[in-house]
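A.B. asks: In full-length UniProt numbering, the protein residues as written are 1 to 547. Beta carbons: idealized from backbone N, C-alpha and C, even for Gly.
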């Protein structure tokens with residue numbers, strides 16, 4: 001029962017179809033947008049305050065360094081008082097900082113950088129008193145420093161008490177007066193309280209986050225000056241809330257844009273792909289004359305060119321397949337027809353049962369057997385079933401033996417087969433398979449030897465390799481057809497002539513055996529002059545080397 005349920009489930013289960021290009025592009029764009037927004041959210045929201053504090057502290061430290069340099073120049077006597085005050089004021093104004101420089105002698109009036117601007121939240125007297133402990137520590141540190149400067153950054157929240165008269169008021173519907181501060185005074189109201197001026201029953205306190213940088217600078221004469229730089233920090237909470245709202249709106253807009261862009265790109269990309277896909281379906285039906293025309297971008301054009309090349313090659317293979325079937329049918333039918341014909345003649349006609357007719361039947365039977373064996377050998381070689389049984393063999397001696405057999409067989413036809421060599425060569429190879437190679441190459445040369453009936457076999461030694469060349473003076477092969485000469489039943493002249501010796505599969509077997517030996521091989525040919533088939537194998541020693 002469980003098995004049945006599993007089978008039903010397997011039948012009912014639908015295969016998941018891959019999503020279309022349009023939705024893949026859309027998902028990719030949305031994923032990219034999400035990553036971008038997440039990164040921006042991460043830095044603009046979570047780290048906004050930290051980045052702000054980092055940048056602000058760096059600007060304060062830079063301003064402090066400039067102020068300390070000015071103080072050093074003043075202590076060394078290279079700067080007059082007017083220039084000294086002007087530079088301090090410029091640094092304060094450019095950085096929107098509150099800068100106060102105290103003398104070691106606290107009875108002297110300190111210099112305030114932007115006193116006239118009314119933006120400084122520090123009090124001349126209260127600021128020194130508030131950081132007296134820190135200043136005393138820095139004085140001790142400054143004496144031990146090589147450059148005579150000691151600094152410290154302090155982040156705090158100061159209570160800024162704003163006097164009653166500094167506020168304007170708004171009248172509510174109920175007739176109540178609500179204070180509305182328009183500006184802060186230029187100094188802390190501690191000065192006002194200490195001087196006993198403008199005391200009011202009502203004081204409004206406001207917490208302002210500050211960043212204070214205190215430096216003690218020691219001159220060459222051990223005289224000290226203290227600089228206090230204060231920067232107000234703008235609260236970023238409201239900015240973060242604004243950015244959050246903007247991000248939500250931006251995300252919605254980008255999602256819509258991504259969808260529109262996905263539709264556009266999918267049409268742009270999918271159109272040539274669909275065209276190529278339709279062409280490929282046509283090609284699969286066996287119509288090899290289909291033309292692929294994909295334009296738009298490089299990859300599609302390259303794919304189109306590749307498919308056009310494949311179509312042309314398939315067309316060639318189809319032609320070769322048809323020729324192979326036709327030639328195989330001819331070669332199989334011819335000996336069978338002759339065997340059948342001569343057998344019927346010997347049976348039906350008295351006196352025809354002669355040794356000559358019997359020999360014809362035997363020869364055609366052998367030819368048919370050789371053809372089937374060659375087909376079987378070639379199939380095994382191309383399938384990788386046959387193994388290589390390499391042994392040490394005398395290649396020169398094998399060639400001599402084969403040529404002697406051919407000379408005996410073809411003596412009456414006046415064929416001249418010459419073997420040119422200098423010494424015997426020993427190689428590692430499969431004797432039976434290499435004999436098959438030599439037989440087929442010599443047989444091919446005999447079939448196309450030309451009018452002189454001459455075949456030359458050369459053995460050449462070059463750089464540790466032995467090269468065997470089989471040369472004929474036949475009609476030659478066209479250059480554009482040399483690449484196909486190793487194919488089964490490929491005929492240069494396109495007319496199938498029954499070979500005098502062999503099966504018509506010789507060169508295909510030669511190619512398979514040589515590739516099994518990892519040998520180099522090839523063919524050189526010139527029309528009207530002849531052809532040279534060659535192969536090259538490494539040799540272990542020659543007769544001269546053997547001593």
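1. Would residue 433 be called buried (16 or more neighbouring beta carbons within 10 Å of its own) or exposed?
2. I'd like the span of the alpha helix (DSSP H) that includes residue 94, first residue to last.
3. Buried or exposed: residue 337, going by 16 or more other Cβ atoms within 10 Å of its Cβ?
4. Quick check: residue 211 and residue 56, are their CB atoms within less than 8 Å of each other?
5. Exposed or buried, which one is residue 86 when buried takes at least 16 other CB atoms within 10 Å?
6. Check residue 150 in the structure and name its three-state DSSP category.
7. Give the range of the beta strand (DSSP E) segment to which residue 527 is assigned.
8. Taking its Cβ as the centre, do 16 or more other Cβ atoms sit within 10 Å of residue 325, making it buried, or is it exposed?
9. Is the region 364 to 374 in contact with the region 415 to 423, if contact means three or more CB pairs nearer than 8 Å?
10. Which value, in whole angstroms, describes the spacing of the CA atoms of residue 441 and residue 424?
11. Would you mind working out which of 243, 48, 512 sits nearest residue 379, comparing C-alpha positions?
12. Please state the DSSP three-state secondary structure of residue 582.
13. Taking residue 261 and residue 29 to be in contact with their CB atoms under 8 Å, please state how far apart those CB atoms are, rounded to whole angstroms.
14. What three-state label does DSSP hand residue 210 in the structure shown?
15. Could you please give the first and the last residue of the uninterrupted beta strand (DSSP E) stretch that includes residue 462?
16. Please classify residue 486 as buried or exposed, where buried requires at least 16 neighbouring CB atoms within 10 angstroms.
17. Within the chosen definition, does the region 87 to 105 reach the region 227 to 247 through at least 3 CB pairs nearer than 8 Å?
18. Applying the criterion that 16 or more other CB atoms from any shown protein chain within 10 Å of the CB defines a buried residue, is residue 317 buried or exposed?
19. Measure how close the beta-carbons of residue 217 and residue 72 come, nearest whole angstrom, since I'm counting them as under 8 Å.
20. Out of curiosity, what's the CA-to-CA distance linking residue 538 and residue 270?
21. Using a Cβ-Cβ cut-off of 8 Å (strictly less than) and excluding sequence neighbours within five positions of residue 391, which residues of its own chain qualify?
22. To the nearest angstrom, how far is the alpha carbon of residue 530 from that of residue 452?
23. Is it buried or exposed, residue 550, if we count other Cβ atoms within 10 angstroms and call 16 or more buried?
24. Would you identify the three-state DSSP class for residue 291, choosing helix, strand or coil?
25. In three-state DSSP terms, what is residue 76?
26. Can you tell me where the alpha helix (DSSP H) with residue 33 in it begins and where it stops?
27. Using a threshold of 8 Å, state whether the C-beta atoms of residue 471 and residue 479 are closer than that.
28. Could you tell me if residue 329 is buried or exposed, where buried requires 16 or more neighbouring beta carbons within 10 angstroms of its beta carbon?
29. What residue does the beta strand (DSSP E) around residue 267 start on, and which one ends it?
30. From this set, 83, 113, 305, 81, which residue's C-alpha is nearest residue 93's C-alpha?
31. Specify the secondary structure class of residue 541 as computed by DSSP and reduced to three states.
32. Tell me whether the region 271 to 290 and the region 40 to 48 touch, counting them as touching only if at least three CB pairs, one residue from each stretch, are closer than 8 Å.
33. Can you name, in chain order, every residue of its own chain whose Cβ lies under 8 Å from the Cβ of residue 221, other than the five neighbours on each side?
34. Just the Cα atoms here: how many angstroms apart are residue 395 and residue 426?
35. Short check: CB of residue 446 to CB of residue 525, under 8 Å?
36. Excluding the 5 residues flanking residue 155 on each side, which residues of the same chain have their C-beta closer than 7 Å to its C-beta?
C.D. replies: Based on what the coordinates show:
1. Buried, because 16 or more other Cβ atoms sit within 10 Å of the Cβ of residue 433.
2. 81 to 95
3. exposed
4. yes
5. exposed
6. strand
7. Where residue 527 is concerned, there is no enclosing beta strand (DSSP E), given that its DSSP letter is neither H nor E.
8. exposed
9. no
10. One alpha carbon belongs to residue 441, the other to residue 424, and they sit about 20 Å apart.
11. 512
12. This structure gives no information on residue 582, because the portion of the chain shown stretches from 1 to 547.
13. 6 Å
14. Strand at residue 210.
15. 454 to 462
16. Per the 10 Å Cβ criterion, buried.
17. With a cut-off of 8 Å on Cβ pairs, the region 87 to 105 is in contact with the region 227 to 247, counting three or more such pairs.
18. The residue is exposed, with fewer than 16 neighbouring Cβ atoms inside 10 Å.
19. 6 Å
20. 54 Å
21. 428, 429, 430, 431
22. 11 Å
23. Lying outside 1 to 547, the shown extent of the chain, residue 550 is not represented and no answer is given.
24. coil
25. Residue 76: coil per DSSP, three-state reduction.
26. 21 to 41
27. no
28. exposed
29. Membership of residue 267 in any beta strand (DSSP E) is not indicated; the residue belongs instead to the alpha helix (DSSP H) covering 237 to 284.
30. Of the candidates 83, 113, 305, 81, 113 places its Cα closest to the Cα of residue 93.
31. strand
32. no
33. Result list for residue 221: 75, in chain order.
34. 6 Å
35. no
36. Result list for residue 155: 211, in chain order.
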